[in-house]
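To keep things clear, I will list the structure first and then write my remarks on it.
Residue numbers (our numbering): 1 to 915.
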């Protein structure tokens, strides 16, 4: 068939499915695909990327019928929900031409799998994880042996994580399996670094046979920013007013699932007449699908969602998109706002609502980046040793006697592993050998007993996470749950955090029962660090734009909220300068021994500088320095003074930055969690194992110089730090291109204060017992039910709260004896034991212990009356501890303070007590 005929046929196919006019990328794509070149299609949502890739391939299949009973096209999507959506669209495109399509993922039934093997589809839709299984399984390898094309949807979602790294190796294994030169097509939303993304897609050997098509049609974005000085309820009211005025289908994006649930519940309560739904990854599949159906029905609905609806699901007509708070990245903002008016040529409509003053100016910086086409680059995971080890195992499974050189060749072809050395590969192989997963003789590798369990249990690179119950020990009530990641990173006695709007201090952690015991804190919120979880990092480019915007606001060149202008003016009045890219302003608070550095370098650079400062100053001064960061500031606090010389010496002196980071990571909470996750990926601990900090310490010690520990350090440095750009900043400081300016102030400026309220880490506070806690303890103990009974007659018992005990010199209401004892309300045995003893019967050993304890308690009540009952109501307090407390107490406040300290001691040490 001539080229002109093929072109007409392709255009005809587009016309059949409703495209009257082809988009730019659709006009360009088919000529590149026909040349069998790899192709990266970069275009906004709604530009017809899927059709630009699949229609030319369908025409190719029609014109050149492939080998029977073999898959021709693999369509890979990062989400199962996308599998369903893509399947429906592809079926629509293929059913008229006899081209078949099927979906294969983790939920596919055995019957469906067998049917696919017996009668393979032309197009197989799957996920990256399932592909890793397909290229290993003997029966599926057969049907994949003639694949000609792979299409990877939402490619941008895979660039910055290990799922993408894993996929590159699976694609190289697929290429070795197929008898055809496979054409790779990546479909991506707008990217900041197209060149590196194309290399990642194509592999190390195909970079000269690849092209990128970047949509030249600039989509317009109409984005408003509204700041509200109020709380979440006030913000919800503003959102609701906006939605009800339009009464059209709207998406409301939040940055976390917790935010989605919180604002979703508020909006549902406030809007019974307008439907509100919540959509995120933790919800059941059926719930998510029902919400998606409501969106497709075109009936007006407000859906509160997270990144779960960022990707290219076909969700019908969305009038506008709301973003709650700053999305932190311009790429994220484009993806989210781009979900509105999802048709070629239409302007995307969105609004950002926020009640955080930093978010207002940050959002403005992001909108400007979109206008300037200046988007963030995504850092890819290079030389991921856990992914490498897992894929080596897969290659050994598919070939019983795998040669180390053959494996090395395949691995080197994947772009993230282009710089891997054979020594590093062999190191991973030997590690697997030592753990009974594969055999190795220096040249050949073969299967061993653990290989199947290890490979199939570790297909996913996404870490599992358990939930810990949080229990307030002052009220003995459950207040919520914490993710295992939080407990693994931050869970130590003395650490503080915020949950459900209140501040808490950790007393102890019961790893076995998954309980975190906490106490409330009533100090001024500005003195309490606030854990906000793993937020998306703000990059250097955005932070620098924020810095410039501050100056423009100060000079009245742009309009923002009055509050934004006021805080910048007040800061200038206090410092006589606005922090900019030519200086680092350091505020020294003469009251509380803390300093705040104004440095608009972004999340990762500030984290790197903060780690450098806290590590060096702590080691030189011998005083622990707590460091907290956000994209625009660093807060250093200590029990001792932090001098100007301390800071300047740490920054100006030449140091090995990577070594400092490695030292700082050791013993940190992020290291504990990362070791646990990576250990699972290496098969050192079972996939279903629950987090154990003691085991983490043993693993760290045992595997210090192995691929496991090297991978832990690599991931932490990539995810949390930016060494390259930090070195550039430090060099500018040393060259005096960036000046350090110290300012002594009595109160931190308005520009400094956000880091006191919201910071990315938190510090330990002294374990004190505040007056507010004592009041809570008193109320709880005085209202605890106690069972009182008479040891003398054994006939009288009652249940009473200490607050209702009026008289001193308490006695039996029947025999008037003063021999009163106290026990728990649920103790139904003690009165029986007393009567058994009165009758002269022999007591068992346990009964004898209970009887003697009752006498000790009776003695305390005779001496201390009501105070003894209150003290014994304390958690874990027996007669010996109670006697010590009562004999050394001189005031009511002192009594409750001592009871609470004893309760905390019991909670902390109960694991060492016999049950």
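Glycine included, every Cβ here is placed at the ideal spot set by N, Cα and C.
What first and last residue would you give for the beta strand (DSSP E) that runs through residue 100? Counting from 1 along the chain shown, the entry for residue 100 is found at position 100. From DSSP, residue 100 is part of no beta strand (DSSP E); its letter is neither H nor E.
Going straight from the alpha carbon of residue 452 to that of residue 232, what length do you get? Taking the chain shown and counting its residues from 1, the one referred to as residue 452 is at position 452. Taking the chain shown and counting its residues from 1, the one referred to as residue 232 is at position 232. Cα-Cα distance, rounded: 49 Å.
Does the region 65-80 come within contact of the region 221-232, defined as at least 3 CB pairs closer than 8 Å? Taking a contact to require three or more Cβ pairs closer than 8 Å, the region 65-80 and the region 221-232 do not qualify as touching.
Give me the Cα-Cα distance between residue 719 and residue 777, rounded to the nearest whole angstrom. As a working note, residue 719 is residue 719 in the chain shown. As a working note, residue 777 is residue 777 in the chain shown. Per the coordinates, the alpha-carbon of residue 719 lies some 42 Å from the alpha-carbon of residue 777.
Can you give me the C-alpha to C-alpha distance between residue 104 and residue 166, rounded to a whole angstrom? Start at 1 with the first residue of the chain shown, and residue 104 comes out as number 104. Start at 1 with the first residue of the chain shown, and residue 166 comes out as number 166. Between residue 104 and residue 166, the alpha-carbon positions lie close to 18 Å from each other.
Short Cβ contact (7 Å threshold) for residue 71 with residue 144: For the purposes of this step, residue 71 is taken as the residue at position 71 of the chain shown. For the purposes of this step, residue 144 is taken as the residue at position 144 of the chain shown. Using a Cβ distance threshold of 7 Å, residue 71 and residue 144 count as a contacting pair.
Reduced DSSP secondary structure (H/G/I, E/B, other) of residue 22: To locate residue 22, count along the chain shown from 1; it is residue 22. Residue 22 carries a coil assignment under DSSP once its states are collapsed to helix, strand and coil.
So which of 665, 712, 755, 475 has the shortest CA-CA distance to residue 632? Residue numbering aside, residue 632 sits at position 632 when the chain shown is read from its first letter. Out of 665, 712, 755, 475, the CA that lies nearest to the CA of residue 632 is found in 755.
Mind checking residue 780: buried by the 16 CB within 10 Å criterion, or exposed? Indexing the chain shown from 1 puts residue 780 at position 780. By the neighbour-count rule (16 or more Cβ atoms within 10 Å), residue 780 is buried.
Buried or exposed for residue 539, going by 16 or more other Cβ atoms inside 10 Å? As a first step, residue 539 must be located in the chain shown, where it is residue number 539. The residue in question, residue 539, is buried, as its Cβ has 16 or more Cβ neighbours within 10 Å.
If I measure Cβ to Cβ from residue 419 and keep anything under 8 Å in the same chain, skipping five residues before and after, which residues do I get? Reading the chain shown from its first residue, position 419 is the one you call residue 419. Here the set comprises 382, 383.
CA-CA distance, residue 186 and residue 211? Numbered from its first residue, the chain shown carries residue 186 at position 186. Numbered from its first residue, the chain shown carries residue 211 at position 211. Roughly 11 Å separates the two Cα atoms.
Closest by C-alpha distance to residue 965, when choosing among 335, 613, 722: The structure shown does not extend to residue 965, since the chain is modelled only from 1 through 915, so no value can be given for it.
Here's the rule I'm using: 16 or more other beta-carbon atoms within 10 Å means buried, otherwise exposed. How should residue 828 be labelled? Residue 828 sits at position 828 when you count from the first residue of the chain shown. Taking a 10 Å sphere around the C-beta of residue 828, we find fewer than 16 other C-beta atoms and assign the residue as exposed.
Stretch-stretch touch, CB-based, cutoff 8 Å, three pairs: the region 399-412 with the region 353-362: Per the Cβ contact rule, the region 399-412 is not in contact with the region 353-362 (fewer than 3 Cβ pairs under 8 Å).
Does the beta-carbon distance from residue 215 to residue 47 come in below 7 Å? Mapped onto the chain shown, residue 215 falls at position 215. Mapped onto the chain shown, residue 47 falls at position 47. By the CB criterion at 7 Å, residue 215 and residue 47 fall inside the cutoff.
Determine the burial state of residue 855: buried for a count of at least 16 other Cβ atoms within 10 Å of its Cβ, exposed for fewer. Residue 855 sits at position 855 when you count from the first residue of the chain shown. It counts as exposed.
Check whether the Cβ atoms of residue 324 and residue 353 lie closer than 7 Å to each other. Locating residue 324 in the chain shown gives position 324, counting from the first residue. Locating residue 353 in the chain shown gives position 353, counting from the first residue. Yes, these two residues count as a Cβ contact at 7 Å.
Taking C-beta to C-beta, are residue 581 and residue 607 nearer than 7 Å? What you label residue 581 is simply residue 581 of the chain shown in a count that begins at 1. What you label residue 607 is simply residue 607 of the chain shown in a count that begins at 1. Their beta carbons are not under 7 Å apart, which means residue 581 does not touch residue 607 by this criterion.
Residue range of the beta strand (DSSP E) that residue 323 falls in? One-based indexing of the chain shown puts residue 323 at position 323. That run of the beta strand (DSSP E) goes 320-324.
Keeping to the same chain, check which residues put their C-beta closer than 7 Å to that of residue 824; ignore five residues upstream and five downstream. Within the chain shown, residue 824 is the residue found at index 824, counting from 1. Correct list, in chain order: 787.
Measure the alpha-carbon distance for residue 363 versus residue 391 and round it to whole angstroms. Looking up residue 363 in the chain shown gives position 363. Looking up residue 391 in the chain shown gives position 391. Take the alpha-carbon of residue 363 and the one of residue 391: they are about 41 Å apart.
When the distance is taken between beta carbons, is residue 638 closer than 7 Å to residue 591? For the purposes of this step, residue 591 is taken as residue 591 along the chain shown, with counting starting at 1. For the purposes of this step, residue 638 is taken as residue 638 along the chain shown, with counting starting at 1. Going by C-beta atoms, residue 591 is not nearer than 7 Å to residue 638.
So, at 6 Å on beta carbons, what are the nonlocal neighbours of residue 471 in its own chain, with the 5 sequence-adjacent residues on each side left out? Position 471 of the chain shown, counted from the first residue, corresponds to residue 471. Contacts found: 478, 515, 517.
Sufficient close CB pairs (3 or more, under 8 Å) joining the region 657-665 to the region 606-620: Enough Cβ pairs lie closer than 8 Å, so yes.
Rounding to the nearest angstrom, what Cα-Cα distance links residue 550 and residue 565 in this structure? Residue numbering aside, residue 550 sits at position 550 when the chain shown is read from its first letter. Residue numbering aside, residue 565 sits at position 565 when the chain shown is read from its first letter. Distance from the CA atom of residue 550 to the CA atom of residue 565, rounded to whole angstroms, is 8 Å.
Label residue 748 either buried or exposed according to how many other C-beta atoms from any shown protein chain fall within 10 Å of its C-beta, with 16 as the threshold for buried. Looking up residue 748 in the chain shown gives position 748. Residue environment: residue 748 is assigned as buried (16 or more neighbouring CB atoms within 10 Å of its CB, all protein chains considered).
With 16 other CB atoms within 10 Å as the buried threshold, where does residue 689 fall? Your numbering for residue 689 matches position 689 in the chain shown. Counting the other Cβ atoms within 10 Å of the Cβ of residue 689 gives fewer than 16, which makes it exposed.
Starting from residue 211, trace the beta strand (DSSP E) in both directions and tell me its first and last residue. Position 211 of the chain shown, counting from 1, holds the residue named residue 211. Run containing residue 211: 210-214, per the beta strand (DSSP E) assignment.
Would you identify the three-state DSSP class for residue 501, choosing helix, strand or coil? Residue 501 sits at position 501 when you count from the first residue of the chain shown. Confidence at residue 501 is low in this model, with a pLDDT of 46, below 50, so the placement of that residue is unreliable and no value is reported for it.
Could you compute how far the alpha carbon of residue 141 sits from the alpha carbon of residue 393? Stepping through the chain shown from its first residue, residue 141 is reached at position 141. Stepping through the chain shown from its first residue, residue 393 is reached at position 393. When rounded, the distance between both Cα atoms is 16 Å.
Minimum C-alpha distance to residue 587 - residue among 307, 877, 742: Counting from 1 along the chain shown, the entry for residue 587 is found at position 587. For residue 587, the nearest C-alpha among the options comes from 742.
Compare the beta carbon distance of residue 437 and residue 450 with 7 Å and say whether it is the shorter of the two. On the chain shown, position 437 is the one that residue 437 refers to. On the chain shown, position 450 is the one that residue 450 refers to. Going by C-beta atoms, residue 437 is nearer than 7 Å to residue 450.
Taking only runs of the alpha helix (DSSP H) that begin and end inside the region 593-634, which ones reach a length of at least 4 residues, in chain order? You should have 603-621.
Drop a sphere of 10 angstroms on the beta-carbon of residue 916, count the other beta-carbons inside from all chains shown, and report buried for 16 or more, exposed for fewer. What the structure shows of the chain is the stretch from 1 to 915, and residue 916 is not part of that stretch, so it cannot be assessed.
Buried or exposed (CB count within 10 angstroms, at least 16 for buried), residue 620: What you label residue 620 is simply residue 620 of the chain shown in a count that begins at 1. Exposed is the call here.
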